[in-house]
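What follows is a short report on a single structure.
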Amino acid sequence: MPANKIRVRFAPSPTGKLHVGNARTALFNWLHARKTGGTFILRIEDTDISRSLRHYETTLIDTLRWLGIDWDEGPDIGGPFGPYRQSERIESYRAYLKKLTDAGLVYPCYCTDEELNAERQQMLARGIAPRYSGKCRSLTEAQRQRLESEGRKPAIRFKVERGMVRLNDLIHGPVNFNTNLIGDFIIVRSTGLPAYNFAVVVDDALMKVSLVIRGEDHLSNTPRQILLYEALGFKPPQFAHHGLLLGADRSKLSKRHGVTTVEQLKEQGFVPEAITNYIAWIGGSLSGSQEILSTSEMIGAFDVRKAGRNAAVFDLAKLKWMNAKYLKRLPPETVLDHWLALGTERGLLGKKRLLQIVPLVKDNIENLGQLEELFDIFTEKNVAFSMEAEEVLRTDSSAKVLKVMASALQTLDAPRSKDAYNALIKEVKRMSGYSGKKLFLPIRAALTGEMAGPELEKIFCNLDKDTLLHRIERALELKDRSRDT
């Protein structure tokens, strides 16, 4: 493998559904790998046994693939530096823990959670930034044996010496960390499982990761990791910490903001092309002023040094706008496949028939969920009238327009076409004396049950005469019922 080959990774924990912010991190890594001809690695960090579930891992993998993000090495496809699940790499962590132990760089810590919390509160009360005091660092062997005889199981802490850790972050630039503010930190829990900072260093080093692209909430972990790299004799990778996604109140995007996972967006009818475009675009990660970009254009425009330099507000309204744009530009086959993937029973009508309808309606929707009611316009004999439609249909002027149209339709022998539609509308306009909204709103309300939707010409050309007349008759019945009451 070339020494300068780019290797990046996305390393989620399978403890829930894929958060939009984590999907953005995965996308940034993927875009950089594809732009540079590098390798994109998927690694599963599943050492939190109580919360990590294989079901969530499967969901994460499926969601990433749905977004169009693939990987060159990972738990499902293997690779030269596997295994790619942390739970299957325990022996590697033990080997490198032994190396640190033999070098005298770690020690057992017997402090309980209660003791650590009390220590933390005392420091806060004195106006000191909380950090471990190091009181277990100088325990004698006899003291350690006594604590273990009491049933205490030690965690393992890494010794942090006074000094500075310097980082040249690709996004933030030079960042200096005073190790006095860090304190000795845990690298192996009392359960024997590796802590995050230790496992990630061993994994990234052995997998030859050359660049770590992740959220800036991990910036505080970086000095600890650099210290471990140096202690283990590894060269640290480069780092790029991008800005986070925020809610409308400019706090970190969380459940209280509503939609936070990719699966929720999928369920609400967003297409993957729009989601990836939007999360790549916000925060100034793409060069140029263009908003709607193809995958190849996003790869070309991505600049890791600008990758979300600032935090970005996740604006659902903007995503809806972008989703509507994508629904218009995507091929009908792709739109239908995305819709059928939602598990709708409507697919029983037959893909061929639905594919005939999609081009007629996809320009009128902002999410896939709206296809359902628009399909009804072209597949059902009856349509449900909205309150607004009923209000229009109960007027005398609407009744006059619809009666004239029904009469004109009954005598229409020409095949349904654009010319036939224009001739029909011209005749209804002449016979009713109405034009503009007075003419078109009652026709739309009668044929669709709504005040907006597909072009009337498309509806006229794709429904048989009997269905058109039946819907007009039902609309006229509304007027008759209102007269009776």
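In our numbering, the protein residues as written are -18 to 466.
C-beta: ideal position from N, C-alpha, C; glycine also.
inquiry  = I'd like to know whether the C-beta atoms of Leu234 and Leu226 end up nearer to each other than 7 Å.
reply    = In contact: Leu234 and Leu226 (Cβ atoms closer than 7 Å).
task = Measure how close the beta-carbons of Ile260 and Ala4 come, nearest whole angstrom, since I'm counting them as under 8 Å.
result = 6 Å
task = Measure the Cβ-Cβ separation of Lys(-2) and Thr360 and say whether it is below 7 Å.
result = No; because the gap between Cβ atoms is not below 7 Å, this pair is not in contact.
Neighbourhood of Thr40 by C-beta, 7 Å cutoff - its chain only, sequence neighbours within 5 removed = Lys(-2)
query = From this set, Asn10, Ile338, Glu26, which residue's C-alpha is nearest Thr(-4)'s C-alpha?
reply = The shortest C-alpha to C-alpha distance from Thr(-4) to any of Asn10, Ile338, Glu26 is the one to Glu26.
key: Beta-carbon spacing of Arg24, Val190 below 7 Å   = no
ask   = How is the alpha helix (DSSP H) around Ala401 delimited, first residue to last?
value = 399 to 413
inquiry  = At a cut-off of 6 Å, would you count Leu148 as near the ligand FAD, judging by its Cβ distance to the nearest heavy atom?
reply    = Summarising the ligand content, the structure contains no ligands, and the ligand FAD is consequently not present.
query = In its own chain, which residues sit with a C-beta less than 8 Å from the C-beta of Gly164, not counting the 5 before and 5 after it?
reply = The residues are Arg112, Tyr113, Ser114, Gly115, Val141.
query = Do Ser378 and Lys419 have their C-beta atoms closer together than 7 Å?
reply = If you check the CB distance, Ser378 and Lys419 come in under 7 Å.
ask   = To the nearest angstrom, how far is it from the Cα of Arg75 to the Cα of Val183?
value = 10 Å
inquiry  = For Ile349 and Val342, what's the separation of their Cα atoms in angstroms?
reply    = It should be pointed out that residue 349 corresponds to Leu in this sequence rather than to Ile. Leu349 and Val342: Cα-Cα distance of roughly 11 Å.
ask   = Who are the near neighbours of Gly55 in its chain, counting only those whose CB is closer than 7 Å to its CB and skipping five residues on each side?
value = Ile22, Leu23, Tyr65
query = Where Lys410 and Leu437 are concerned, what is the direct C-alpha to C-alpha distance, given to the nearest angstrom?
reply = 15 Å
request  = Would you mind stating whether Ala136 and Arg170 have Cβ atoms separated by less than 7 Å?
outcome  = yes
message = Give me the DSSP bridge partner(s) of Lys233.
response = Leu227
task = Have a look at Asn178, Gly173, His222, Val181 and flag the residue whose alpha-carbon is nearest the alpha-carbon of Glu197.
result = His222
task = Specify, as a first and last residue, the run of the beta strand (DSSP E) that Ile152 falls within.
result = Element bounds for Ile152: n/a, residue is neither H nor E.
ask   = Where does Pro135 fall in DSSP's three states?
value = coil
message = Taking 7 Å as the threshold (C-beta atoms), are Gly264 and Ala293 in contact?
response = yes
ask   = At what residues does the alpha helix (DSSP H) containing Val1 begin and finish?
value = 1 to 17
Reference Glu69; option with closest CA among Ala84, Pro175, Gly154, Arg138 = Pro175
query = What are the boundary residues of the beta strand (DSSP E) that Arg195 is part of?
reply = Element bounds for Arg195: 192 to 196.
key: Neighbourhood of Ile440 by C-beta, 6 Å cutoff - its chain only, sequence neighbours within 5 removed   = Leu428
request  = Let me know if Ala106 comes out buried or exposed under the rule of 16 or more other beta-carbons within 10 Å of its beta-carbon.
outcome  = exposed
message = Using the Cβ count rule (16 or more neighbours within 10 Å means buried), how would you classify Gly414?
response = exposed
request  = With DSSP as the reference, please indicate the residues paired to Gln219 in a beta bridge.
outcome  = Leu192
key: Contact under 7 Å by Cβ, Leu457 with Phe283   = no
ask   = Between Leu450 and Leu390, which are expected to be in contact by the criterion C-beta below 8 Å, what is the C-beta distance as a whole number of angstroms?
value = 6 Å
key: Inside the segment 324 to 356 only - alpha helix (DSSP H) runs reaching at least 4 residues   = 332 to 342
inquiry  = Only counting the same chain, and skipping five residues up and downstream in sequence, which positions put a Cβ closer than 8 Å to that of Ile207?
reply    = Within the same chain, Ile207 has close Cβ partners Val146, Leu148, Pro217.
task = Starting from the Cα of Phe62, find the closest Cα among Ser33, Leu97, Asp185 and give me that residue.
result = Asp185
task = Note the first and the last residue of the continuous beta strand (DSSP E) segment covering Leu23.
result = It spans 20 to 23 - the beta strand (DSSP E) in which Leu23 sits, taken as one unbroken run.
ask   = So what's Leu307 in DSSP terms, helix, strand or just coil?
value = Correcting the residue type first, residue 307 is Tyr in the shown sequence and not Leu. Three-state DSSP puts Tyr307 in a helix.
inquiry  = So, at 7 Å on beta carbons, what are the nonlocal neighbours of His0 in its own chain, with the 5 sequence-adjacent residues on each side left out?
reply    = Thr241, Thr242
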